[in-house]
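J.: Pasting a structure here, questions to come.
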Amino acid sequence: MALSNREIAELFERIGDMLEIKGENIHRILAYRRAAESIREFGRDLRVVSKEGGLEAIPNVGKVIAEKIDELLETGQLTFYEKLAAEVPAGVVDILHVNGVGPKKAKMFWQDAGITSLEELEAAARAGKLNNLPGMGEKSVARILEGIESLKRRSAETRTPLGVALPAAEAILSVLTALPGVGRGAIAGSIRRGKPTIGDVDLLVTADDAAPVMDVFTSMDNVARVLGHGPTKSSIELLNGLQVDLRVLPAERWGTALNYFSGSKEHNVKLRRIALDKGLSLNEWALTPENGDPEILCAEEEDLYARLGLQYVPPEIREDWGEIEAAQAGKIPALLTEADIVADLHMHTTWSDGRFSIREMAEAAYARGRKYIVITDHSHGATIANGLNVERLLAQQAEVRRVDAEMNGKIRVLHGTEMEIRADGSLDFPDEILAQLDFVVASLHVGLRQPREQVTQRVLNALRNPHVDLIGHPRGQLIIEREGADLDLDAVFATAKETGTALEINANPARLDLEASYARRAAEMGIPICIDTDAHSIDQMDLLRFGILTARRAWLSADQVVNTWPLDKFLDWVGNKHV
DNA sequence: GCCGTTTTCGGCCCGACTGTTTTCAGTCG
Numbered sequence: 029m030a031l032s033n034r035e036i037a038e039l040f041e042r043i044g045d046m047l048e049i050k051g052e053n054i055h056r057i058l059a060y061r062r063a064a065e066s067i068r069e070f071g072r073d074l075r076v077v078s079k080e081g082g083l084e085a086i087p088n089v090g091k092v093i094a095e096k097i098d099e100l101l102e103t104g105q106l107t108f109y110e111k112l113a114a115e116v117p118a119g120v121v122d123i124l125h126v127n128g129v130g131p132k133k134a135k136m137f138w139q140d141a142g143i144t145s146l147e148e149l150e151a152a153a154r155a156g157k158l159n160n161l162p163g164m165g166e167k168s169v170a171r172i173l174e175g176i177e178s179l180k181r182r183s184a185e186t187r188t189p190l191g192v193a194l195p196a197a198e199a200i201l202s203v204l205t206a207l208p209g210v211g212r213g214a215i216a217g218s219i220r221r222g223k224p225t226i227g228d229v230d231l232l233v234t235a236d237d238a239a240p241v242m243d244v245f246t247s248m249d250n251v252a253r254v255l256g257h258g259p260t261k262s263s264i265e266l267l268n269g270l271q272v273d274l275r276v277l278p279a280e281r282w283g284t285a286l287n288y289f290s291g292s293k294e295h296n297v298k299l300r301r302i303a304l305d306k307g308l309s310l311n312e313w314a315l316t317p318e319n320g321d322p323e324i325l326c327a328e329e330e331d332l333y334a335r336l337g338l339q340y341v342p343p344e345i346r347e348d349w350g351e352i353e354a355a356q357a358g359k360i361p362a363l364l365t366e367a368d369i370v371a372d373l374h375m376h377t378t379w380s381d382g383r384f385s386i387r388e389m390a391e392a393a394y395a396r397g398r399k400y401i402v403i404t405d406h407s408h409g410a411t412i413a414n415g416l417n418v419e420r421l422l423a424q425q426a427e428v429r430r431v432d433a434e435m436n437g438k439i440r441v442l443h444g445t446e447m448e449i450r451a452d453g454s455l456d457f458p459d460e461i462l463a464q465l466d467f468v469v470a471s472l473h474v475g476l477r478q479p480r481e482q483v484t485q486r487v488l489n490a491l492r493n494p495h496v497d498l499i500g501h502p503r504g505q506l507i508i509e510r511e512g513a514d515l516d517l518d519a520v521f522a523t524a525k526e527t528g529t530a531l532e533i534n535a536n537p538a539r540l541d542l543e544a545s546y547a548r549r550a551a552e553m554g555i556p557i558c559i560d561t562d563a564h565s566i567d568q569m570d571l572l573r574f575g576i577l578t579a580r581r582a583w584l585s586a587d588q589v590v591n592t593w594p595l596d597k598f599l600d601w602v603g604n605k606h607v
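In my numbering, the protein residues as written are 29 to 607.
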């Protein structure tokens, strides 16, 4: 039974929901949810870890949950879950996800009104049957009907890709920070941490008078409904279904608030523990000494970390993946920044499925401060992408050389390919052709659903080819739409290390592949990482920032990333790689 | 259910907002 990390995480998430409806101890419920979160973010395949007997090394996974994972992987079933499912109808768990319905109400609807599905809940609400239940007035019923509508709209997937949420958040923030009386503004939450998908948007601004800011926020054109409207916090749902929370606060409390609302929850819990050890209680407003001394305000996040005796922790790594311990030891690495990037090693032109010429892409890259780029159009195996055969590849090389000369040293333009790793494992170009290229990316686009052994073997073949420099978007995942290929990443990483081949963080927010947990492990093994835009148009070159966020989440410093290397070092590496 | 250079037992975050139960419970983040 081939359950993925994500499927196992979702099952434990659901177990948490069921236990909550049953009214179980909240800490036991949270234990399942924390385990689910750790599993979702864990950088290794649970099937492998289970065989090694190392499940309990996963944060928040103890003996009991480890045994449940083993049972799931061995039998494809979980007795504990089956028992719960026999007690709590599946529809009641769905009802729990309606806005305005928590465990108490879900249980009440079920046991007092016999409601066991969203459809029954909606019918009961419309028929006025809910009003008879305790605590249910007109507004509560209306809210539940709205909640059902909202849930229907985003039923397929409740999370929004970072590539959608970040620009939306920036647009709203720029409206708010332009208002009179507003000082600072920031996007907090999981967007600030660069997570690939976002639950909702958290915005913070400083202002002495919150009311006018809240009024503008809740009456913007793209507001579908106002979920809450108070003096310090308001929430809206946008027409596209995205929920946005705004908090307005005084400037002197900026540091604690920004930290609090940036999360992650797990990071913050540890910070509060450290504060308590120092006799301080930490919340979004201040550090408050337990001995009754006046509260300590932190206007900057840096002040807060300093007060706690910690090195500053960049938001992207606040996931409780060891950053607190590193900060205590003063060992937070200097994370890569966009300013470190001098090259883009993967992009397309009109020769295959790109929208701009080689010259136009070169000019655009120069305008963005790149020192060198590699033109890597698709190979002929990618027929729908108008992939190049050998003849066209060599003709393209002549044009690349000409453009490179025309750019007159402003930027170097190199010639490569994004070569198809075919479904049968063979590569699209023979070695003598690859030898003529400056840089070779090999990628999976087809056969992603092949069995683990088969698809892994294809990637290993590509890695072992002496001319292949980089595996592009290694897992072939699409954020939200598609899980990646069932690759044996342990084997892939070991072979990449052995052959000196780089692995990509594809910066396109639809991909973000490798994702942070995998990229971190690869880099720790000493595998070079490339962060490339895979741009098919000029504007896609600006997607680099999503790759940077992902790389920072992976704890990468500049030297671990090929795109930061000067051209000489890059050419040395390409030339010497497999020798 | 997990966790632990104070602990293998006893903790585990708590404040804001809303609606309705006129003093608070439920939900959310």
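Every residue gets a Cβ at the ideal spot worked out from N, C-alpha and C, and that includes glycine.
1) Would you call Gly104 buried or exposed, if buried means 16 or more other Cβ atoms sit within 10 Å of its Cβ?
2) Is it buried or exposed, Asn534, if we count other Cβ atoms within 10 angstroms and call 16 or more buried?
3) Output the distance between the C-alpha atoms of Ala327 and Leu304, rounded to the nearest integer angstrom.
4) Taking DSSP as the reference, what is the three-state secondary structure of Leu299?
5) Suppose only complete runs of 4+ residues qualify. What are the alpha helix (DSSP H) ranges in the segment 376-438, listed by chain order?
6) According to DSSP, simplified to helix, strand and coil, what is Asn534?
7) Tell me the DSSP bridge mates of Ser32?
8) Take every Cβ of the segment 467-482, pair it with every Cβ of the segment 398-411, and state whether three or more of those distances are shorter than 8 angstroms.
9) Go ahead and pull the three-state DSSP assignment for Ile93.
10) Leaving out five residues before and five after Asp432 in sequence, what residues of the same chain have Cβ atoms less than 6 angstroms from its Cβ?
11) According to DSSP, Lys19 sits in a beta bridge with which residue or residues?
12) DSSP state of Ser540, grouped into three classes?
13) If Glu532 and His501 are in contact, beta carbons under 8 angstroms, what's the gap, nearest whole angstrom?
14) Roughly how many angstroms separate the alpha carbons of His495 and Leu315, rounded to a whole number?
15) Could you tell me which residues DSSP pairs with Gly81 in its beta bridges?
16) Ignoring anything shorter than 4 residues or poking outside the segment 111-197, list the alpha helix (DSSP H) runs there in chain order.
17) Helix, strand or coil for Gly504, going by three-state DSSP, please let me know.
18) For a quick check, are the C-beta atoms of Ala618 and Ser380 less than 8 angstroms apart?
19) Is the distance from the Cβ of Pro87 to the Cβ of Arg221 below 8 angstroms?
20) Once you ignore the five residues that flank Ala64 on each side, which residues in its own chain have a CB closer than 6 angstroms to its CB?
21) Between Thr523 and the rest of its own chain, which residues show a CB-CB distance below 6 angstroms, the 5 nearest in sequence each way excluded?
22) When DSSP labels each residue in this structure, what does Val76 get in the three-state scheme?
23) Could you check if Tyr340 is buried or exposed, using at least 16 other CB atoms within 10 Å of its CB as the buried criterion?
24) Count the other CB atoms within 10 Å of the CB of Leu47; is the residue buried (16 or more) or exposed (fewer)?
25) Identify every residue that forms a DSSP beta bridge with Gly256.
26) For Gln464, name the three-state secondary structure that DSSP assigns.
27) Taking DSSP as the reference, what is the three-state secondary structure of Leu476?
28) Between which two residues does the alpha helix (DSSP H) harbouring Ser309 extend?
29) Starting from Glu446, follow its DSSP beta bridges and name the residues at the other end.
30) Which stretch, first to last residue, makes up the alpha helix (DSSP H) that contains Leu595?
31) Rounded to the nearest angstrom, what separates Ala151 and Leu194 at their Cα positions?
32) To the nearest angstrom, report how far apart Pro162 and Val169 are at their CA atoms.
33) Use the C-beta contact count for Gln139: other C-beta atoms within 10 angstroms, 16 or more gives buried, fewer gives exposed.
34) Would you report the Cα separation of Arg477 and Lys132, rounded to the nearest angstrom?
35) By the 10 Å Cβ neighbour count, where 16 or more other Cβ atoms means buried, how is His55 classified, buried or exposed?
36) DSSP state of Leu304, grouped into three classes?
T.: In brief:
1) Counting from 1 along the first sequence, the entry for residue 104 is found at position 76. Exposed, because fewer than 16 other Cβ atoms sit within 10 Å of the Cβ of Gly104.
2) Residue numbering aside, residue 534 sits at position 506 when the first sequence is read from its first letter. By the neighbour-count rule (16 or more Cβ atoms within 10 Å), Asn534 is buried.
3) As a first step, residue 327 is located in the first sequence; it is residue number 299 there, counting from the start. As a first step, residue 304 is located in the first sequence; it is residue number 276 there, counting from the start. Distance between the alpha carbons of Ala327 and Leu304: 20 angstroms.
4) As a working mapping, residue 299 is identified with position 271 in the first sequence. It is helical.
5) 386-395, 418-434
6) On the first sequence, position 506 is the one that residue 534 refers to. It is a strand residue.
7) Indexing the first sequence from 1 puts residue 32 at position 4. DSSP lists no partner for Ser32.
8) yes
9) Looking up residue 93 in the first sequence gives position 65. Looking at Ile93 - three-state DSSP - the assignment turns out to be helix.
10) Indexing the first sequence from 1 puts residue 432 at position 404. These residues qualify, in order along the chain: Val441.
11) With the chain covering 29 to 607 only, the question about residue 19 has no answer from this structure.
12) As a first step, residue 540 is located in the first sequence; it is residue number 512 there, counting from the start. At residue 540 the sequence reads Leu, which differs from the Ser that was named. DSSP places Leu540 in coil when its eight states are reduced to three.
13) Along the first sequence, one-based indexing puts residue 532 at 504. Along the first sequence, one-based indexing puts residue 501 at 473. Confirmed, about 6 angstroms.
14) Counting from 1 along the first sequence, the entry for residue 495 is found at position 467. Counting from 1 along the first sequence, the entry for residue 315 is found at position 287. Those two C-alpha atoms are separated by around 57 angstroms.
15) If you number the first sequence from 1, residue 81 lands on position 53. For Gly81, which the question treats as bridged, DSSP gives no partner whatsoever.
16) 118-124, 131-141, 146-154, 166-181
17) For the purposes of this step, residue 504 is identified with residue 476 of the first sequence, where counting begins at 1. Of the three classes helix, strand and coil, the one that applies to Gly504 here is coil, per DSSP.
18) Summary: the structure shown does not reach residue 618, with the chain confined to residues 29 through 607, and so no result is reported for it.
19) Taking the first sequence and counting its residues from 1, one reaches residue 87 at position 59. Taking the first sequence and counting its residues from 1, one reaches residue 221 at position 193. In this structure, Arg221 does not lie closer than 8 angstroms to Pro87 by Cβ.
20) To locate residue 64, count along the first sequence from 1; it is residue 36. So the list reads Ala37, Phe40, Glu41, once near-sequence residues are dropped.
21) Translated into the one-based positions of the first sequence, residue 523 becomes position 495. Closer than 6 angstroms at the Cβ level, and outside the excluded window around Thr523, lie Leu488, Leu491.
22) In the first sequence, the residue the question calls residue 76 occupies position 48. Val76: helix per DSSP, three-state reduction.
23) Working through the first sequence from its first residue, we reach residue 340 at position 312. That one is exposed.
24) Within the first sequence, numbered from 1, the residue matching residue 47 stands at position 19. It counts as buried.
25) The residue you call residue 256 lines up with position 228 of the first sequence. In the DSSP output, where bridge partners are listed per residue, Gly256 has Ser263.
26) Your numbering for residue 464 matches position 436 in the first sequence. Looking at Gln464 - three-state DSSP - the assignment turns out to be coil, as it is neither helix nor strand.
27) Stepping through the first sequence from its first residue, residue 476 is reached at position 448. Here Leu476 sits in coil by DSSP.
28) Here residue 309 refers to the residue found at position 281 of the first sequence. Counting along the chain, Ser309 falls outside any alpha helix (DSSP H), though it belongs to the beta strand (DSSP E) covering 308-310.
29) The residue given as residue 446 occupies position 418 in the first sequence. Answer is His406, Val469.
30) Position 567 of the first sequence, counted from the start, is the residue given in the question as residue 595. That run of the alpha helix (DSSP H) goes 595-604.
31) The sequence position of residue 151 within the first sequence is 123, counting from 1. The sequence position of residue 194 within the first sequence is 166, counting from 1. Looking at the two C-alpha atoms, the distance is approximately 37 angstroms.
32) Here residue 162 is taken as the residue at index 134 of the first sequence, counted from 1. Here residue 169 is taken as the residue at index 141 of the first sequence, counted from 1. Answer to the nearest angstrom: the Cα atoms are 12 angstroms apart.
33) Here residue 139 refers to the residue found at position 111 of the first sequence. With fewer than 16 Cβ atoms within 10 Å of its Cβ, Gln139 is classed as exposed.
34) As a first step, residue 477 is located in the first sequence; it is residue number 449 there, counting from the start. As a first step, residue 132 is located in the first sequence; it is residue number 104 there, counting from the start. In a straight line, the C-alpha of Arg477 is about 42 angstroms away from that of Lys132.
35) Within the first sequence, residue 55 is the residue found at index 27, counting from 1. Flag for His55 reads exposed.
36) Here residue 304 corresponds to residue number 276 of the first sequence, with the count starting at 1. Of the three classes helix, strand and coil, the one that applies to Leu304 here is helix, per DSSP.
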